[in-house]
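Structure record follows, encoded as structure tokens.
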Amino acid sequence: MNQEEKGKRYDWLLSQYRQIENQINTVPKLPLEETLIDANSREYSQENLNKVNQLKGKLQRIDAEVKRLFTI
Numbered sequence: 321m322n323q324e325e326k327g328k329r330y331d332w333l334l335s336q337y338r339q340i341e342n343q344i345n346t347v348p349k350l351p352l353e354e355t356l357i358d359a360n361s362r363e364y365s366q367e368n369l370n371k372v373n374q375l376k377g378k379l380q381r382i383d384a385e386v387k388r389l390f391t392i
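In this note's numbering, each residue's number is its place in the sequence shown (first place is 1) plus 320.
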């Protein structure tokens, strides 16, 4: 992959990363009162926590691909 292709791939990955971050930010959190009462201080319901964790996994895969992109 030449430098121009790497640049385009990086731009696309960055765009995907931002979209996923925005998706994470739209996942509803539990009310603050509930969070403070909970001994584990969870911010999300179990269902929403699963969604957030899946999205964070995608972010990690993008990070790994960016690192590979510029170390090869």
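Positions of the beta carbon are idealized from the N, C-alpha and C atoms, including for glycine.
Since the model is a prediction, treat every value here as computed from it, not as a measurement.
Hey, residue i and residue j: beta-carbon distance below 9 Å or not?
{"i": "residue 348", "j": "residue 337", "result": "no"}
{"i": "residue 340", "j": "residue 375", "result": "yes"}
Helix, strand or coil for residue i, going by three-state DSSP, please let me know.
{"i": "residue 379", "result": "helix"}
{"i": "residue 350", "result": "coil"}
{"i": "residue 367", "result": "helix"}
{"i": "residue 322", "result": "coil"}
{"i": "residue 335", "result": "helix"}
{"i": "residue 362", "result": "coil"}
Select from the options the residue whose C-alpha is nearest the C-alpha of residue i.
{"i": "residue 344", "options": "354, 385, 373", "result": "373"}
{"i": "residue 380", "options": "324, 326, 333", "result": "333"}
{"i": "residue 350", "options": "322, 375, 366", "result": "366"}
Pop quiz: residue i and residue j are said to be a contact at Cβ under 8 Å. What is the actual Cβ separation, rounded to whole angstroms?
{"i": "residue 326", "j": "residue 389", "result": "6 Å"}
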